[in-house]
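K.L.:
Heads up: the sequence shown begins at 0 in numbering that gives the first Met the number 0, then just goes up one per residue.
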Amino acid sequence: METSYHIVVQMKALNGTVEIGRFLISTNREFASETFNSLKGKTALAESQVLRLSLLETTGLSGTIIGILGCNLDELSENCKIITRDAFKFFNLEK
0 METSYHIVVQ MKALNGTVEI GRFLISTNRE FASETFNSLK GKTALAESQV
50 LRLSLLETTG LSGTIIGILG CNLDELSENC KIITRDAFKF FNLEK
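1. So, with DSSP's three-state summary, where would you put T63?
2. Where does V17 land, buried or exposed, given buried means 16+ other C-beta within 10 angstroms?
3. Which whole-angstrom value describes the C-beta separation of F30 and F89, a residue pair presumed to lie in contact below a C-beta threshold of 8 Å?
4. Verify whether the separation of the beta carbon atoms of E70 and L52 is less than 8 Å.
5. Roughly how far, in whole angstroms, is the beta-carbon of V7 from the beta-carbon of R21, given that I think they are within contact range, below 8 Å?
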């Protein structure tokens, strides 16, 4: 089974957190980690943090969170640009 790496976007809601988006970023752990580490936000999540990004490693039906980042709406916007640019590079230019 192939391992893939996703960046999951979650939002704080009344009953916990809700997944509002998911990016397939790579099938290479090093590349996915470099992308995730370039994202804007804070690694120390505050209780008041509304938006959260998680780096998820998936193999088959199981997944493991290997990184979490809290961000605000402006940072999320910039992060979506970074993620999309890097995913384009990985799937079109670096194979």
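Heads up, the beta-carbon is just placed ideally off N, CA and C, and yes, glycines get one too. These numbers were taken from a predicted model, which means no experiment stands behind them.
P.N.:
In brief:
1. Taking the first residue of the sequence shown as 1, we reach residue 63 at position 64. It is a strand residue.
2. Counting from 1 along the sequence shown, the entry for residue 17 is found at position 18. So V17 counts as exposed.
3. Residue mapping note: residue 30 aligns to position 31 of the sequence shown, counting from 1. Residue mapping note: residue 89 aligns to position 90 of the sequence shown, counting from 1. For a cut-off of 8 Å, the C-beta gap from F30 to F89 is around 6 Å, short enough to register as a contact.
4. If you number the sequence shown from 1, residue 70 lands on position 71. If you number the sequence shown from 1, residue 52 lands on position 53. It is Cys, not Glu, that sits at residue 70 in the sequence shown. Taking a C-beta distance under 8 Å as the contact criterion, C70 and L52 qualify as a contact pair.
5. Residue 7 sits at position 8 when you count from the first residue of the sequence shown. Residue 21 sits at position 22 when you count from the first residue of the sequence shown. V7 to R21, Cβ: 5 Å. Contact.
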